[in-house]
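Engineer:
2 protein chains.
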Amino acid sequence: MADIDGGSTAAASRRESTPRKRADARRNEATLLDAAAAAFVASGVDVPVREIAARAGVGVGTIYRHFPTRADLIVAVYRHQVEACAEAGPALLAAGGTPYAALAQWIDLFVDFLVTKHGLAEALQSDNAAFQTLHAYFLDRLVPVCAHLLDAAAAAGEIRTDLSAVELLRGVGNLCIGAADPRYDARRMVEILIAGLSVS
Amino acid sequence: MADIDGGSTAAASRRESTPRKRADARRNEATLLDAAAAAFVASGVDVPVREIAARAGVGVGTIYRHFPTRADLIVAVYRHQVEACAEAGPALLAAGGTPYAALAQWIDLFVDFLVTKHGLAEALQSDNAAFQTLHAYFLDRLVPVCAHLLDAAAAAGEIRTDLSAVELLRGVGNLCIGAADPRYDARRMVEILIAGLSVS
DNA sequence: CCAATATACGGAACACGGTTCCGTTTTGCC
DNA sequence: GGCAAAACGGAACCGTGTTCCGTATATTGG
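Heads up: the protein sequence lines correspond to chains A and B, in order. Each residue of the first sequence is one higher than the last, beginning at 813 in our numbering. Each residue of the second sequence is one higher than the last, beginning at 813 in our numbering.
1) Say whether chain A places a C-beta atom closer than 8 Å to the C-beta of N986 of chain B.
2) Please report the straight-line C-alpha distance between S1010 of chain A and I971 of chain A, rounded to a whole angstrom.
3) From R1000 of chain B to A903 of chain A, what does the alpha carbon distance come to, in whole angstroms?
4) So, at 6 Å on beta carbons, what are the nonlocal neighbours of V857 of chain B in its own chain, with the 5 sequence-adjacent residues on each side left out?
5) Let me check one thing: in DSSP terms, what residues is S1010 of chain B bridge-paired to?
6) Taking only beta-carbon atoms, is E863 of chain A less than 8 Å away from chain B?
7) Keeping to the same chain, check which residues put their C-beta closer than 6 Å to that of V927 of chain A; ignore five residues upstream and five downstream.
8) Note down the Cα distance separating D884 of chain A from C958 of chain A, rounded to an integer number of angstroms.
9) Give me, in chain order, the residues of the same chain whose beta-carbon lies closer than 7 Å to that of A898 of chain B; leave out the 5 immediate sequence neighbours on both sides.
10) List in chain order: all unbroken alpha helix (DSSP H) runs of 4+ residues lying wholly within the stretch 910-937 of chain B.
11) Just the C-alpha distance for A906 of chain B and A941 of chain A, rounded to the nearest angstrom, thanks.
12) To be precise: take each residue of the stretch 866-879 of chain B, compare its Cβ to all Cβ atoms of chain A, and keep it if any distance is under 7 Å. Which residues remain?
13) Evaluate contact between the stretch 864-876 of chain A and the stretch 840-849 of chain A, counting only Cβ atoms and requiring at least three cross-stretch pairs below 8 Å.
14) Under 8 Å Cβ-Cβ, which residues of chain B neighbour S1012 of chain A?
15) Under 7 Å between beta-carbons, which chain B residues line up against A1007 of chain A? List them in chain order, please.
16) Can you give the beta carbon distance from V984 of chain B to V923 of chain B, rounded, assuming they're within the 8 Å contact cut?
17) Give the residues of chain A in contact with Y996 of chain B, contact being defined as C-beta atoms less than 7 Å apart.
18) Tell me whether A940 of chain B sits in a helix, a strand or coil according to DSSP, three-state version.
19) Residues of the stretch 885-909 of chain A with a CB closer than 8 Å to any CB of chain B: list them in chain order, please.
20) Would you decide whether E1048 of chain B is buried or exposed? Buried here means 16 or more other CB atoms lie within 10 Å of its CB.
21) Which class does L963 of chain A belong to by DSSP, given the choice of helix, strand or coil?
22) Considering only residues of the same chain and omitting the five flanking positions on each side of Y949 of chain A, which have a CB-CB separation below 7 Å?
23) By Cβ distance below 6 Å, which residues in the same chain neighbour L921 of chain B in space, the five residues on each side in sequence not counted?
24) Put S976 of chain A into one of helix, strand or coil per three-state DSSP.
25) If you draw a straight line from the C-alpha of A850 of chain B to the C-alpha of K929 of chain B, how long is it?
26) Using a 10 Å radius around the Cβ and a threshold of 16 neighbouring Cβ atoms, would you call G909 of chain B buried or exposed?
27) Can you give the Cα-Cα distance for Y890 of chain A and V1002 of chain A, rounded to whole angstroms?
28) Given a threshold of 16 other Cβ atoms within 10 Å of its Cβ, counted over all protein chains shown, does S820 of chain A qualify as buried or as exposed?
29) I believe L961 of chain B touches A913 of chain B by the beta-carbon criterion, under 8 Å. Please report the beta-carbon distance rounded to the nearest angstrom.
30) Which same chain residues, not among the five before or five after L1005 of chain B, have their C-beta less than 8 Å away from its C-beta?
31) Three-state secondary structure (DSSP) at F879 of chain A?
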């Protein structure tokens, strides 16, 4: 569903000067988000652009006008879930367990999110320029949260201190690749990685 | 570089009946292997087919005739190194350290191999049908070795026993993705994973 | 309500990479 | 040298991302 009146970064500046987007444009943007979400579920985040367009009943040009890169579309579709994940970090830390336990739980949330979005983990670390924004968004939003949890656990002396949040997130993201294969249990691999973090 | 007279699976049956490949064919196959090796170093294993053809001074048809899929080409180029890695397993185990130490060293070898081949780790876990053979080859060759090391370490009570060789190799392979980025240290991540394997 | 104009739309056209196919060339053999 | 088989080259085809522009539609002022 997402904000019905356009990208939220533009929202602030719109109130003054720029009038407002056309009604059909807003309608199409919403339709596209729904179509993309459905297409992602059905065929993964690397579903052909034309298929999303077909689902939404619009031309491909319309997609590019609203979402210049595939990353913009993916971010728009998953923004709420990423926000939720980010907000869960401090909450878990405040919940009473050890910082290490909070970190483990938070990573679990992240993994759950990733493994249920076919192709997202793959896209996240693609070096393709089109996914630059995607990478940047995830990092911007989640690195601070992860760093906070990491710092807390490190301060408590529970984990090794030579690992940055970027690296941990990247490693976890990598381990989530190929989670669709029943012979590979991404959650277990991440669990082992997190176990390896603890100081003996 | 590489066996000069064609794929080794065909070698056995060739001795009887089938005469021998034409001279130009053998020459081109060798040239292609060299060109591919160079192209892989320069642009990663996902370098365009046409570029490999150009380097070798042959047409694209010639590539497909010798190597029906990209995986066949990659396997041919790296076969020797994979063999060497496979053979190092038993040797490390026999070298005198603990089985766990041998496992860790062997994984190190594997990681060294992967991180120095741009795009190989990515290709290894691509679900693209063209890379099926690549995946299969690596698994066929390395899983038994890894399983042996894993079993030895498990028998010595050094590591958890609920992890299969396929999963470990896959996890390690995944962690090697994006190793080109200076902000991400694949070796360190794998080290942490291996640390997580040990039963405290 | 109508006309004028800005805005947005659709989809054809282009770029690019993998893959196939077939007319031409080369090799091996007599 | 002449012939058949083997191999070659690269044009052509397909699927996908991306751009571009003629057409359609919303909005606004009269």
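Note that beta-carbon positions come from the ideal geometry of N, C-alpha and C, so glycine has one too.
Structural biologist: Let's see:
1) Taking the first residue of the second sequence as 1, we reach residue 986 of chain B at position 174. Taking Cβ atoms only, chain A reaches closer than 8 Å to N986 of chain B, which makes this a yes.
2) Translated into the one-based positions of the first sequence, residue 1010 of chain A becomes position 198. Translated into the one-based positions of the first sequence, residue 971 of chain A becomes position 159. Their backbone Cα atoms lie some 4 Å apart in a straight line.
3) Residue 1000 of chain B sits at position 188 when you count from the first residue of the second sequence. Residue 903 of chain A sits at position 91 when you count from the first residue of the first sequence. Taking the straight line from one Cα to the other gives about 29 Å.
4) Walking along the second sequence from the start, residue 857 of chain B turns up at place 45. Taken in chain order, the residues that qualify are I886, G931, L932, A935.
5) Counted from its first residue, the second sequence places residue 1010 of chain B at position 198. DSSP, once it has assigned bridges, lists B:I971 as partnering S1010 of chain B.
6) Sequence index remark: in the first sequence, residue 863 of chain A carries index 51 (1-based). Taking a beta-carbon distance threshold of 8 Å, E863 of chain A does not count as an interface residue toward chain B.
7) Taking the first residue of the first sequence as position 1, residue 927 of chain A is located at position 115. Excluding sequence neighbours, V927 of chain A sits near C988, A991, A998.
8) Against the first sequence, residue 884 of chain A aligns to sequence position 72. Against the first sequence, residue 958 of chain A aligns to sequence position 146. Answer to the nearest angstrom: the Cα atoms are 23 Å apart.
9) Residue 898 of chain B sits at position 86 when you count from the first residue of the second sequence. Around A898 of chain B: R953, L954, V957.
10) 911-927, 932-936
11) Taking the second sequence and counting its residues from 1, the one referred to as residue 906 of chain B is at position 94. Taking the first sequence and counting its residues from 1, the one referred to as residue 941 of chain A is at position 129. So the two alpha carbons sit approximately 47 Å from each other.
12) none
13) yes
14) Walking along the first sequence from the start, residue 1012 of chain A turns up at place 200. Those within 8 Å of S1012 of chain A in chain B are S1012.
15) Translated into the one-based positions of the first sequence, residue 1007 of chain A becomes position 195. Those are G1008, listed as they occur along chain B.
16) Sequence index remark: in the second sequence, residue 984 of chain B carries index 172 (1-based). Sequence index remark: in the second sequence, residue 923 of chain B carries index 111 (1-based). About 7 Å; that satisfies the 8 Å criterion.
17) Working through the second sequence from its first residue, we reach residue 996 of chain B at position 184. Going along chain A in sequence order, the residues near Y996 of chain B (Cβ under 7 Å) are E979, R982.
18) Position 128 of the second sequence, counted from the first residue, corresponds to residue 940 of chain B. With the sequence shown as reference, residue 940 of chain B is identified as Asn, and Ala is not the correct amino acid for it. Looking at N940 of chain B - three-state DSSP - the assignment turns out to be coil, as it is neither helix nor strand.
19) none
20) Outside the shown range of chain B, which is 813 to 1012, sits residue 1048 of chain B, and nothing can be said about it.
21) Looking up residue 963 of chain A in the first sequence gives position 151. It should be noted that the sequence gives Asp, not Leu, for residue 963 of chain A. It is helical.
22) For the purposes of this step, residue 949 of chain A is identified with residue 137 of the first sequence, where counting begins at 1. These residues qualify, in order along the chain: V887.
23) Position 109 of the second sequence holds residue 921 of chain B. Same-chain partners within the cutoff: C897, A900.
24) Mapped onto the first sequence, residue 976 of chain A falls at position 164. Coil, per DSSP.
25) For the purposes of this step, residue 850 of chain B is identified with residue 38 of the second sequence, where counting begins at 1. For the purposes of this step, residue 929 of chain B is identified with residue 117 of the second sequence, where counting begins at 1. In a straight line, the C-alpha of A850 of chain B is about 11 Å away from that of K929 of chain B.
26) If you number the second sequence from 1, residue 909 of chain B lands on position 97. Label assigned to G909 of chain B: exposed.
27) Stepping through the first sequence from its first residue, residue 890 of chain A is reached at position 78. Stepping through the first sequence from its first residue, residue 1002 of chain A is reached at position 190. Looking at the two C-alpha atoms, the distance is approximately 22 Å.
28) Indexing the first sequence from 1 puts residue 820 of chain A at position 8. Bear in mind that a pLDDT of 40 at S820 of chain A, under 50, signals an unreliable position, so the number given afterwards is only what the model happens to contain. With fewer than 16 Cβ atoms within 10 Å of its Cβ, S820 of chain A is classed as exposed.
29) Stepping through the second sequence from its first residue, residue 961 of chain B is reached at position 149. Stepping through the second sequence from its first residue, residue 913 of chain B is reached at position 101. About 10 Å; that fails the 8 Å criterion.
30) Numbered from 1 along the second sequence, position 193 holds the residue referred to as residue 1005 of chain B. Once the five neighbours on either side are set aside, the close Cβ partners of L1005 of chain B are G983, V984, L987.
31) For this step, residue 879 of chain A is matched to residue 67 along the first sequence. It is coil, neither helix nor strand.
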